[in-house]
Ligand SMILES: [Zn+2]
């Protein structure tokens, strides 16, 4: 169950997504939090330069593999403005990170982008559990998801 700390970290993810938008990038943001509640790492999308693998959840997985023990990774939580794409879910699974809490789902994003007339991406959106069968996942959270929706509307100019 999500608690006040979960919602605080999710709000930070939405702020990071807004920062990405202000920087001309796609609005996605994520935060890695240790078992004791310490924020370890945060990032937003950096795909505007042309490398479409520069997602924050992928950066988190790499940072965690380099800096945390397997036990610390398993006990950590990844918060994110939008549910992991299959690439990031796979990275999350391979490095053995723990719980995932997202503000908006991949299903919501797909519906929003379709409504906005955005062409389908080259990688299919899948629920995290289809990529990581044992994942512990919470989301979406309607109020925060609506804020993420607004950021995507602004990114796509409507
Ligand atoms: Zn991704």
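Residue numbers (full-length UniProt numbering): 1 to 158. Even for Gly, the Cβ is constructed at its ideal location relative to N, Cα and C. From a predicted model like this one, the values you see are computed outputs, not experimental measurements.
Check	Outcome
In this structure, does DSSP put residue 42 in helix, strand or coil?	strand
So residue 32 is in the beta strand (DSSP E); what residue range does that whole segment cover?	29–33
Of the residues 83, 65, 72 and 52, which one's Cα is nearest the Cα of residue 13?	83
Please determine whether the Cβ atom of residue 141 lies at a distance below 7 angstroms from any heavy atom of ligand 1.	no
Within the chosen definition, does the segment 42–57 reach the segment 17–28 through at least 3 CB pairs nearer than 8 angstroms?	yes
In the DSSP assignment, the beta strand (DSSP E) including residue 80 goes from what residue to what residue?	77–82
Any idea what DSSP makes of residue 60, helix, strand or coil?	helix
In the DSSP assignment, what are the bridge partners of residue 138?	101
Taking 8 angstroms as the threshold (C-beta atoms), are residue 133 and residue 104 in contact?	no
Can you tell me which of the three DSSP states residue 1 falls into?	coil
For ligand 1, which residues count as neighbours when the test is a C-beta closer than 6 angstroms to any heavy atom?	55, 57, 58, 84, 85, 87 and 88
Let's test the definition: count the other Cβ atoms within 10 Å of the Cβ of residue 94 and tell me whether it reaches 16, buried, or not, exposed.	exposed
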